[in-house]
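Below you'll find the structure, written out as C-alpha cells, and then a few comments.
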Amino acid sequence: MSELYLGKHLDSNGRPGEIYRHRLSDLTTHTFICGGSGSGKTVMGKAIIEEAALRGVPAIIVDLKGDLSSLTLAFGEISASAIAPWIKVEDHSTLGRAALAEANTIRKRLWEWGLAEANVREFSDQVAVEIFTPRSELGRRVAIPLISSPPPDVEKLFQE
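Quick note: the sequence shown uses my numbering, first residue 29, plus one each step.
And the structure:
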C-alpha cells in the first residue's frame with residue numbers, strides 16, 4: 029500500500045509532531061481542498077501533487093494564480109549557486125550571502141518537516157514538470173485558436 033507523506037500532525041500549541049501519511053488509494057479521481065485565506069491550501073495541494081508524482085501519478089493542474097508553478101523549483105542541490113538566480117537583492121554584492129542564507133533556511137525547513145536535500149533531488153530527478161502559458165513568453169508557449177464550427181467531416185472522425 030503506497031502512502032503519501034503530507035507533513036506532520038500539529039500539537040495543541042501548533043508545533044509539528046508525528047508524521048502524517050495518507051493512503052494514495054484514498055485519493056480517487058479528484059481531490060478538493062478548501063479553507064480560509066492563509067490556511068495552507070496551496071501548501072497541502074503541493075504536498076499531494078509532489079508525493080503523488082513521485083509514485084507515478086500524473087497530474088494536469090490548472091493554476092490561475094500561478095502559485096503551483098513553483099513545483100518547477102526543485103533543485104538538484106540546495107546551494108547558494110543554485111538559488112542565487114531566484115534571489116532579489118538591492119545591492120548585488122550581497123547576493124552570495126543572501127543566497128547562502130536562503131539555502132540554509134530551506135535546509136532547516138526541510139529538516140523541521142522530516143525531509144532532506146535528498147528528497148528534493150529525488151523529486152527533481154524523477155518528476156517532469158512542464159508549464160504551459162497561454163500567449164506568454166514564459167514557460168512553454170501555447171495558443172489554442174477558437175473553433176467557430178466543427179470540421180465538415182466531423183462524423184468520420186468518430187468512426188475511425
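In this text, a Cβ means the ideal position worked out from N, Cα and C, and glycines have one as well.
Name the one or two DSSP bridge partners that residue i has.
i, result
"Pro86", "Looking at the DSSP assignment, Pro86 forms no beta bridge with any residue, so it has no partner."
"Thr133", "DSSP output for Thr133 lists no bridge partner at all."
"Glu79", "DSSP, once it has assigned bridges, lists no residue as partnering Glu79."
"Glu31", "Arg51"
Check whether the Cβ atoms of residue i and residue j lie closer than 9 Å to each other.
i, j, result
"Leu34", "His50", "yes"
"Lys88", "Gly73", "It is Ile, not Lys, that sits at residue 88 in the sequence shown. Contact flag unset, no."
"Arg137", "Glu145", "no"
"Val155", "Ala102", "yes"
"Pro162", "Ile172", "yes"
"Thr70", "Ile159", "no"
So residue i packs on residue j, CB below 8 Å; how close in whole Å?
i, j, result
"Ser152", "Ala131", "That pair is no contact at about 15 Å."
"Glu150", "Leu96", "The Cβ separation is near 19 Å, so there is no contact."
"Leu32", "Ala80", "6 Å"
Please tell me whether, using a cut-off of 8 Å, the distance from the CB of residue i to the nearest non-hydrogen atom of the ligand MN is below it.
i, result
"Ser152", "In the structure on display, the ligand MN does not appear, and there are no ligands present to speak of."
Within the stretch 35-60, ranges of the beta strand (DSSP E) (whole runs, at least 3 residues): 44-51
Inspect the CB distances between the stretch 167-179 and the stretch 108-115 and report whether three or more fall short of 8 Å. no
3-residue-minimum beta strand (DSSP E) runs that sit fully inside the stretch 145-174, ordered along the chain: The beta strand (DSSP E) runs of length 3 or more contained entirely in the stretch 145-174 are, from start to end of the chain, 160-162, 168-170.
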